[in-house]
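Undergrad: Following this message is one structure expressed as structure tokens.
In our numbering, the protein residues as written are 4 to 464.
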């Protein structure tokens with residue numbers, strides 16, 4: 004970056020390296036760029052190569068004022084280079100490998116233009132340490148709804164009350180998940196089944212800073228000093244890096260604000276004994292219809308409406324509950340939290356979250372704001388990790404046709420929900436196919452008539 008950029012604010016944006024977190028962070032970065040920010044957008048080397056394969060090198064070429072950088076994740080390459088990485092393994096890699104490279108990148112980039120803030124996914128908490136070290140403010144991005152964050156914040160209460168973890172898998176289907184939780188602020192009537200599910204078992208994970216701090220150091224030294232970090236809410240390790248480097252950081256929560264308030268209340272659900280489920284029978288016995296009356300701004304919410312990790316019935320749930328709780332705790336040190344929502348929709352939820360978290364800003368909807376950007380120089384920059392197949396567009400527009408889409412980040416949790424006898428379009432990754440052996444024969448037979456495609460372009464603008 005040349006000297007003419009020297010006085011512009013410079014944001015380092017680092018999303019959680021999953022598709023559902025990269026997309027909103029990139030939209031936020033484009034919006035900041037349109038307001039005069041210099042942008043350094045950080046992908047993992049693995050995802051960078053996926054983008055090159057799916058979109059071409061032009062997608063990550065960037066501009067003098069909108070640069071792409073990469074950091075290693077330290078994971079061995081998967082057998083399928085276009086498949087999503089194992090999430091628990093990726094979370095552990097973030098813990099062990101990211102802070103050092105991030106710190107180096109901040110130093111490298113700041114040598115060209117000082118980094119004035121870090122915008123980090125809330126789950127990239129290592130960014131705090133790097134930002135503190137460099138004296139840069141950190142803003143965290145919570146990509147889901149603020150209600151889900153509130154639920155996560157109450158995980159300890161759920162554990163205290165004995166609501167979680169589940170005693171056994173029968174609690175998934177015996178109606179237990181319908182238990183109403185009355186301890187989550189702004190979530191009146193919320194039920195155990197509405198809470199993110201990985202709290203059904205608990206194993207605390209601590210995210211490390213090393214790789215991310217190296218990246219911060221590198222970017223600040225070689226390009227432009229990082230003046231802020233914009234990180235995905237779930238990349239909370241970035242907060243440690245931001246704190247160490249003295250860089251302000253904003254976290255970006257990419258999902259609905261209400262989902263964050265639910266996550267924030269996980270502790271209360273466990274404390275009340277609503278979670279985890281006792282066994283799998285609780286999934287189908289009506290328990291998940293239990294109204295939870297302890298979640299602020301969420302009157303009438305039921306257990307089945309709460310992000311399901313807290314039910315602790317799937318492999319990895321135990322680990323993920325600890326992961327979420329750790330990120331919620333770390334988020335309190337961020338400069339602010341950004342949501343893809345707006346005040347007219349989530350004013351009460353944002354206000355409730357602001358009581359325990361840093362300033363919460365609803366700046367969405369991002370896809371509409373992105374469309375108002377006059378400068379078209381960023382249009383070639385895309386974030387889809389798969390090649391798009393537009394051939395389906397014609398027949399997909401048929402009157403009364405229906406398409407159900409799901410995030411790749413948690414589609415594995417839907418495998419047991421396919422036996423509906425309803426035709427559908429299936430978009431799946433290799434790790435989903437590996438689980439097909441567990442599905443009923445009639446479901447598999449019906450899939451022979453399903454058109455499989457790699458990726459769909461967005462059908463609704």
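All residues carry an ideal CB built from backbone N, CA and C; glycine is no exception.
#1: Determine the closest residue to residue 126 out of 155, 166, 291 and 392, with distance taken between C-alpha atoms.
#2: State yes or no: is the C-beta of residue 280 within less than 8 Å of the C-beta of residue 314?
#3: For residue 21, which of helix, strand or coil comes out of DSSP?
#4: Beta-carbon within less than 7 Å of residue 380's beta-carbon, same chain only, minus the 5 sequence neighbours each way: which residues are those?
#5: With H, G and I counted as helix, E and B as strand and the rest as coil, what does DSSP make of residue 158?
#6: What does a CB cutoff of less than 6 Å around residue 40 pick up in its chain, not counting 5 residues either side in sequence?
#7: Cutting at 7 Å between CB atoms, please list the residues of its own chain near residue 357, excluding the five before and the five after it.
#8: In terms of residue numbering, what span does the alpha helix (DSSP H) encompassing residue 351 cover?
#9: According to DSSP, is residue 328 part of a helix, a strand, or is it coil?
#10: How about residue 484 and residue 117: do their beta carbons lie closer than 8 Å?
#11: Quick one: using the 10 Å Cβ neighbour count with 16 as the cut-off for buried, is residue 387 buried or exposed?
#12: Does residue 66 come out as helix, strand or coil in the three-state DSSP assignment?
#13: Going by DSSP in three states, residue 194 sits in which element: helix, strand or coil?
#14: Classify residue 80: buried if its beta carbon has 16 or more other beta carbons within 10 angstroms, exposed otherwise.
#15: In whole angstroms, what separates the C-alpha of residue 19 from that of residue 233?
#16: How is residue 88 classed by DSSP in three states: helix, strand or coil?
#17: Can you grab the Cα-Cα spacing for the pair residue 60 / residue 167, in whole Å?
#18: Report the residue from 124, 149, 113 and 71 whose alpha carbon sits nearest the alpha carbon of residue 385.
#19: The alpha helix (DSSP H) spanning residue 108 covers which residue range?
#20: Rounded C-beta distance between residue 3 and residue 23? I'm assuming under 8 Å.
#21: Taking 8 Å as the cut-off, decide whether the C-beta atoms of residue 183 and residue 107 are in contact.
#22: With distance defined between alpha-carbon atoms, name the residue in 355, 195, 338 and 394 nearest to residue 294.
#23: How about the stretch 245 to 258 and the stretch 122 to 139: do they share at least three Cβ pairs that are nearer than 8 Å?
#24: With a 10 Å radius around its C-beta and 16 neighbouring C-beta atoms as the bar for buried, classify residue 10 as buried or exposed.
#25: Can you find the residues in the same chain that come closer than 6 Å, C-beta to C-beta, to residue 26, ignoring five residues on each side of it along the sequence?
#26: Taking its Cβ as the centre, do 16 or more other Cβ atoms sit within 10 Å of residue 16, making it buried, or is it exposed?
#27: Going by other Cβ atoms of all chains shown within 10 Å of its Cβ, with 16 needed for buried, is residue 186 buried or exposed?
#28: To which residues of the same chain is residue 225 closer than 7 Å at the C-beta, ignoring the five residues directly before and after it?
#29: Counting along the chain, where does the alpha helix (DSSP H) carrying residue 267 start and finish?
#30: Three-state secondary structure (DSSP) at residue 422?
#31: Assign residue 335 to one of three DSSP states: helix, strand, or coil.
#32: If we call anything under 8 Å between Cβ atoms a contact, is residue 178 one with residue 328?
TA: Checking against the coordinates, here is how it stands:
#1: 155
#2: yes
#3: coil
#4: 66
#5: helix
#6: 12 and 14
#7: 363
#8: 346 to 356
#9: helix
#10: What is shown of the chain runs 4 to 464, which leaves residue 484 out entirely.
#11: buried
#12: strand
#13: strand
#14: exposed
#15: 11 Å
#16: coil
#17: 47 Å
#18: 71
#19: 102 to 113
#20: Because the chain here runs from 4 to 464, residue 3 falls outside it and cannot be looked at.
#21: no
#22: 195
#23: yes
#24: exposed
#25: 386
#26: buried
#27: buried
#28: 111, 112, 114 and 115
#29: 261 to 267
#30: Residue placement at residue 422 cannot be trusted, given a pLDDT of 49 that sits under 50; the coordinates are not used to answer.
#31: coil
#32: no
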